[in-house]
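Residue numbers (my numbering): 802 to 1115. Structure, as structure tokens:
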Amino acid sequence: MNRITSLFNIRYPIIQAGMIWCSGWELASAVSNAGALGLIGSGSMYPDILRQHIRKCKTATSKPFGVNLPLIYPQADDHIRVIIDEGVKIVFTSAGNPAKYTSFFKEHGLTVVHVIANTKFARKCEEAGVDAIVAEGFEAGGHNGIEETTTMTLIPMVRQVTSLPLIAAGGIATGRAMLAAFALGAEGVQIGSRFVASEESSAHPEFKRKVLEAKDGDTSLTLKKIIPVRLIRNKFYHDVKALEDKGAGREEIYELLGHGRAKKGMFEGNLDEGELEIGQVSGMISEVMPAGKIVEEIVHDFNLAIGRLGDWAI
802 MNRITSLFNI RYPIIQAGMI WCSGWELASA VSNAGALGLI GSGSMYPDIL RQHIRKCKTA
862 TSKPFGVNLP LIYPQADDHI RVIIDEGVKI VFTSAGNPAK YTSFFKEHGL TVVHVIANTK
922 FARKCEEAGV DAIVAEGFEA GGHNGIEETT TMTLIPMVRQ VTSLPLIAAG GIATGRAMLA
982 AFALGAEGVQ IGSRFVASEE SSAHPEFKRK VLEAKDGDTS LTLKKIIPVR LIRNKFYHDV
1042 KALEDKGAGR EEIYELLGHG RAKKGMFEGN LDEGELEIGQ VSGMISEVMP AGKIVEEIVH
1102 DFNLAIGRLG DWAI
């Protein structure tokens, strides 16, 4: 066991990211049952829906699971009440200041992890008293850091400024990538894109198909004037890029964005007009598999990679 498996009482130091529209109770419970840590992605749920997912997850697994809470979510306070009321023991916060709620969660006995994309916020996490940090490089899908720092650069930088347990995210979908993250100073990995293409993911089948078809270079970081987000290049992406290229302001981009683009793309399967949030590593994903099989494959690949390294010693 290492500090991550001990912290969450799990078998493998693998965390399934709490992705909006893709990670409900079915995915979270399947990942937890496989020995990793499943997360319910609350950012696309109303509070009553989150409560239902938590209760269903409790029924589907006796293993630890958690909730991912984007702090920019308008109903974050309502979500927090649900998380506390339902006795959730683990919360991953993101997209905000870790000092805002960490002490409150700690007072209620929760394990708190915060997602960051730079060393400044890594230090803030330590000051806030979080239990662990997720350092996410800009290869990742969804909302991203404005610095565009890659995972291979970010992990050792964060490791230098904090002694907290460190989880690497961004561009990780295999055991080999997991081992590389460990070599850089991480003690666990958070994986999103690979679990989007799982049988238990709530992503629309058409979105899953689009992920399988993606090649290197098919995603891009956009909406940088609002909140940077990595998307598959579809009609919506090109509409946004055309606005950005002509120097459009935030208001004009917001007008194009409107409401519900992520739901339209990832949950409803509108591949032209929706946001299709996925990481660069989608270019390596070629099959939809059960979540438990994905965990098993990553662990097997990790152990094989360790064995190979013995032959390459200098």
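Virtual Cβ for every residue (Gly too), placed ideally from N, Cα, C.
Among the options, which has the Cα closest to the Cα of residue i?
| i | options | result |
| --- | --- | --- |
| HIS1060 | LEU1044, PHE1037 and ASP932 | PHE1037 |
| VAL889 | GLN853, TYR874, PHE922 and ASN898 | GLN853 |
| ARG924 | GLY938, HIS909 and GLN961 | GLN961 |
| SER904 | GLY971, ASP932, ILE1079 and SER1003 | ASP932 |
| ILE1027 | LEU1057, ASP1017, LEU980 and LEU828 | LEU1057 |
| PHE996 | ALA829, LEU870 and MET802 | ALA829 |
| MET979 | ALA861, ILE884, VAL1041 and ASN1104 | ASN1104 |
| ASP1019 | VAL1082, GLY1075 and ILE1054 | VAL1082 |
| ILE992 | GLY971, HIS1005 and SER1003 | GLY971 |
Within this structure, are the beta carbons of residue i and residue j separated by less than 8 Å?
| i | j | result |
| --- | --- | --- |
| ARG1031 | LEU1022 | yes |
| TRP826 | LYS1064 | no |
| VAL1089 | GLU1014 | no |
| GLY844 | TYR874 | yes |
| GLY930 | ILE805 | no |
| ALA896 | LEU911 | no |
| PHE842 | MET820 | Reading the sequence as shown, one finds Gly at residue 842 and not Phe. Contact flag set, yes. |
| LEU965 | ILE917 | no |
Using DSSP with H/G/I as helix, E/B as strand and the rest coil, what is residue i?
| i | result |
| --- | --- |
| VAL931 | coil |
| LEU965 | coil |
| MET846 | coil |
| VAL913 | strand |
| GLY1090 | What sits at residue 1090 in the sequence shown is Met, not Gly. If DSSP states are grouped into helix, strand and coil, MET1090 belongs with the strands. |
Can you tell me whether residue i is buried or exposed? The criterion is at least 16 other CB atoms within 10 Å of its CB, across all chains shown.
| i | result |
| --- | --- |
| GLU940 | buried |
| LYS1047 | exposed |
| TYR768 | Outside the shown range of the chain, which is 802 to 1115, sits residue 768, and nothing can be said about it. |
| LYS1009 | buried |
| ASP1112 | exposed |
Ignore the nearest five residues each way along the sequence and tell me which others in residue i's own chain have a CB closer than 7 Å to its CB.
| i | result |
| --- | --- |
| ASN810 | PRO865 |
| GLU1078 | GLY942, GLY943, VAL1030, ARG1031, LEU1032, ALA1063 and MET1067 |
| ALA1106 | GLY976, ARG977 and LEU980 |
What residues in its chain sit with their C-beta under 8 Å from that of residue i, if we drop five residues either side in the sequence?
| i | result |
| --- | --- |
| LEU1072 | GLU1007, PHE1008, LYS1011, ASN1035 and GLY1066 |
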